[in-house]
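Residue numbers (this note's numbering), protein chains in the order written: chain A, 38 to 365; chain B, 13 to 262.
Laid out in structure tokens, this is it:
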């Protein structure tokens, strides 16, 4: 038997970018692209004036949140409408700790762990039912969190100002440049961790469950436990992103973390493309720059999904085959 | 000696239809048993019961003396049972190697934290998967996505994935289905080599009679949920009831 794929047997290889979770590589020079992206990202704070820099920093914050959401939705095939709440919980955890005088490096793991714990608490019972129940339960969380913050958190409806990380004097950087670089470092770490998780036993289990839960279970994969872990991990990412949000904006208020944010995150991810790293980046740009949900953004979502059912990334990945060079 | 697979009085009803009616089946350690019968005889349903995809209405199933029905579906792999499906259930988004590594899931770290940082285990899993891929002549396809491979290759990938779990009992559901005569012959050789090397117990559901006759030492024939024959291959193939039920129909 030959080890080469035989064609002409009537089985057509689906084009790249046709379904979510497609891990095939469409771009031929991943290392070059990665190095260029890293260099460009590191150069941004020295080329961009403060206010646009602030917007770009927020894009990176949303990238971290979407990488987490993608773990559950893109790779796990489950819908979460509650990531805005985990984001808010992370942001408030950081703001409260900063207000209490905690040094800012402490706030990052603290925000992540609080969100992770909540993710476990809500995800574990919800994923035992079925995919749609997770959407309902997380939606309930997203609706419940802003009023709870208003009632219980310091600052109430007025919100809570927070110290932003100041640049150490030896660096000679402005504070906003320093915050950008901190956020960039955390984003890079989030990328690396996502990559490792996706290519580990856990990531394969998640992909297997999404593709064929019955066959996956037969191999010893436990569906509820795997999904619950994925959900808690994605909440961890959202919490970390929330903390970065506090570092960036220096102010948190309940209105920032309503159910609208949860829906915008999900919509951004779908527009960007599920199950891919570029999808999370494009989605974050959408989340950061999309006008407040309304007629325009609603129509934009419909148009994008009609033109590119697998998001902008899926469209881009299909380009080579349109151009007649199918590299899949 | 404790049989590797022991099924007694297995009964499954779908509404008013009895798919399996008090069927018994025993496979000793290292045996290769063929399970034949016309469509609708209940062969796949029997596999589904052994692998806990379906709860039987009555009966006992023991693997190496352990009650299978008392354990959850995800424990099936741990008790040493692996199976393939009539239509290969490979995971399309994963590469061929990743599919086979998923087969060895029970040897890997399970939690997300441990999985993320247990790079050593990941390397071992990869080496294990590559050994299995090599055995099945798939090493060159390791990085190829499972989506879009020819049917015959997918069948082999699925068997490789099952074998990666290092089962004591391997259930193959129509492994030669949809294969050409040469491919079927090659697959039969692979399974025979595997059996010789590891001494595992194999139960094969198959319509392809040459495949069954060449591979199996014993044949069990089901028809409409009843066992109509059970014996050494050379005896069962001459059984008039078996010929009437399946051989004659071909």
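From the three backbone atoms N, C-alpha and C, an ideal C-beta is built for every residue, glycine too.
The model shown is predicted, which means the values in this text are computed figures rather than measured ones.
Proximity below 8 Å, CB of residue i to CB of residue j
i: residue 237 of chain A; j: residue 127 of chain B; result: yes
i: residue 126 of chain A; j: residue 152 of chain A; result: yes
i: residue 285 of chain A; j: residue 129 of chain A; result: no
i: residue 215 of chain B; j: residue 203 of chain B; result: no
i: residue 242 of chain A; j: residue 117 of chain B; result: yes
i: residue 17 of chain B; j: residue 35 of chain B; result: no
i: residue 206 of chain B; j: residue 168 of chain B; result: no
i: residue 96 of chain A; j: residue 325 of chain A; result: yes
i: residue 191 of chain B; j: residue 164 of chain B; result: yes
i: residue 211 of chain B; j: residue 42 of chain B; result: yes
i: residue 135 of chain A; j: residue 200 of chain A; result: yes
i: residue 224 of chain A; j: residue 100 of chain A; result: yes
i: residue 165 of chain A; j: residue 89 of chain A; result: no
i: residue 183 of chain A; j: residue 295 of chain A; result: yes
Residue i versus the options, residue with shortest Cα-Cα distance
i: residue 311 of chain A; options: A/273, A/106, A/224 and A/263; result: A/106
i: residue 44 of chain B; options: B/243, B/229, B/73 and B/245; result: B/229
i: residue 254 of chain B; options: B/42, B/39 and B/47; result: B/47
i: residue 177 of chain A; options: A/122, A/333 and A/129; result: A/122
i: residue 87 of chain A; options: A/136, A/140, A/214 and A/110; result: A/214
i: residue 50 of chain B; options: B/237, B/243 and B/249; result: B/237
i: residue 113 of chain B; options: B/146, B/225 and B/138; result: B/138
i: residue 176 of chain B; options: B/79, B/110 and B/153; result: B/110
i: residue 249 of chain A; options: B/239, B/76, B/103 and B/26; result: B/103
i: residue 179 of chain B; options: A/314, A/257, A/150 and A/230; result: A/257
i: residue 117 of chain A; options: A/300, A/230 and A/136; result: A/300
i: residue 146 of chain B; options: B/108, B/159, B/99 and B/83; result: B/108
i: residue 154 of chain A; options: A/142, A/269, A/110 and A/322; result: A/269
i: residue 217 of chain B; options: B/106, B/184, B/84 and B/129; result: B/184
Same chain only: Cβ atoms within 8 Å of residue i, ignoring 5 sequence neighbours per side
i: residue 68 of chain B; result: 22, 23, 24, 32, 61 and 81
i: residue 93 of chain A; result: 81, 85 and 217
Inter-residue spacing [alpha-carbon to alpha-carbon] between residue i and residue j
i: residue 171 of chain B; j: residue 136 of chain B; result: 20 Å
i: residue 121 of chain B; j: residue 132 of chain B; result: 10 Å
i: residue 340 of chain A; j: residue 333 of chain A; result: 10 Å
i: residue 288 of chain A; j: residue 207 of chain A; result: 26 Å
i: residue 101 of chain B; j: residue 72 of chain A; result: 38 Å
i: residue 74 of chain A; j: residue 228 of chain A; result: 13 Å
i: residue 138 of chain A; j: residue 283 of chain A; result: 14 Å
i: residue 19 of chain A; j: residue 250 of chain B; result: The requested residue 19 of chain A does not occur in the structure, where chain A is confined to residues 38 to 365.
i: residue 131 of chain A; j: residue 161 of chain A; result: 25 Å
i: residue 123 of chain B; j: residue 266 of chain A; result: 7 Å
i: residue 185 of chain A; j: residue 140 of chain A; result: 26 Å
i: residue 83 of chain A; j: residue 327 of chain A; result: 26 Å
i: residue 26 of chain B; j: residue 293 of chain A; result: 54 Å
i: residue 365 of chain A; j: residue 73 of chain B; result: Bear in mind that the predicted position of residue 365 of chain A carries a pLDDT of just 42, short of 50, making it too unreliable to give a figure here.
i: residue 49 of chain A; j: residue 151 of chain B; result: Low per-residue confidence applies at residue 49 of chain A: pLDDT is 47, beneath 50, and the placement is therefore not dependable enough to give any value.
i: residue 318 of chain A; j: residue 59 of chain B; result: 45 Å
i: residue 157 of chain A; j: residue 171 of chain A; result: 12 Å
i: residue 287 of chain B; j: residue 315 of chain A; result: Because chain B spans 13 through 262 in this model, residue 287 of chain B falls outside it and cannot be assessed.
i: residue 235 of chain A; j: residue 313 of chain A; result: 11 Å
i: residue 75 of chain B; j: residue 255 of chain A; result: 15 Å
i: residue 248 of chain B; j: residue 161 of chain B; result: 37 Å
i: residue 192 of chain A; j: residue 174 of chain A; result: 27 Å
i: residue 247 of chain A; j: residue 356 of chain A; result: 26 Å
Close-in-space but distant-in-sequence residues of the same chain around residue i (CB under 6 Å, 5 per side omitted)
i: residue 290 of chain A; result: 196
i: residue 40 of chain B; result: 15
i: residue 280 of chain A; result: 127, 131, 144, 145 and 148
i: residue 204 of chain A; result: 210, 212 and 215
Own chain, CB closer than 7 Å to residue i, minus 5 neighbours either side, in chain order
i: residue 102 of chain A; result: 120, 124, 274, 275, 278 and 302
i: residue 220 of chain B; result: 188 and 196
i: residue 353 of chain A; result: none
i: residue 174 of chain B; result: 94, 95, 96, 115 and 182
i: residue 246 of chain B; result: none
i: residue 219 of chain A; result: 202 and 284
Item to check | Near-chain B residues of the segment 236-259 of chain A - C-beta to any C-beta below 7 Å | outcome: 237, 238, 239, 241, 242, 244, 245, 248, 249, 251, 252, 254, 255, 256, 257, 258 and 259
Checklist entry - Looking at chain B, which residues of the segment 215-236 of chain A have a Cβ within less than 7 Å of any of its Cβ atoms? => result 230, 233 and 234
Checklist entry - Taking Cβ-Cβ distances below 7 Å as the criterion, which residues of the segment 203-226 of chain B are in contact with chain A? => result none
Item to check | Residues in the segment 261-277 of chain A having any Cβ partner in chain B nearer than 9 Å | outcome: 262, 263, 266, 267, 269 and 270
Checklist entry - Of all the residues that make up the segment 51-67 of chain B, which are near chain A by a beta-carbon distance shorter than 9 Å? => result 63, 64 and 65
Checklist entry - At a Cβ cut of 9 Å, what residues of the segment 128-139 of chain B count as close to chain A, listed as they run along the chain? => result 128, 129, 130, 131, 133, 134 and 137
Checklist entry - For the segment 99-115 of chain B, which residues have a CB atom closer than 9 Å to at least one CB atom of chain A, in sequence order? => result 101, 102, 103, 104, 105, 106, 107, 110, 111, 113, 114 and 115
Checklist entry - What are the residues of the segment 70-86 of chain B that lie near chain A, defined by any Cβ-Cβ distance shorter than 7 Å? => result 85 and 86
Item to check | Residues, ordered as in the chain, of the segment 243-259 of chain B that lie near chain A by beta-carbon distance below 8 Å | outcome: none
Checklist entry - Quick one, which residues of the segment 22-38 of chain B are near chain A if we go by CB-CB under 8 Å, in chain order? => result none
Checklist entry - Mind listing which residues of the segment 166-183 of chain B have their C-beta closer than 7 Å to chain A's C-betas, in chain order? => result 177
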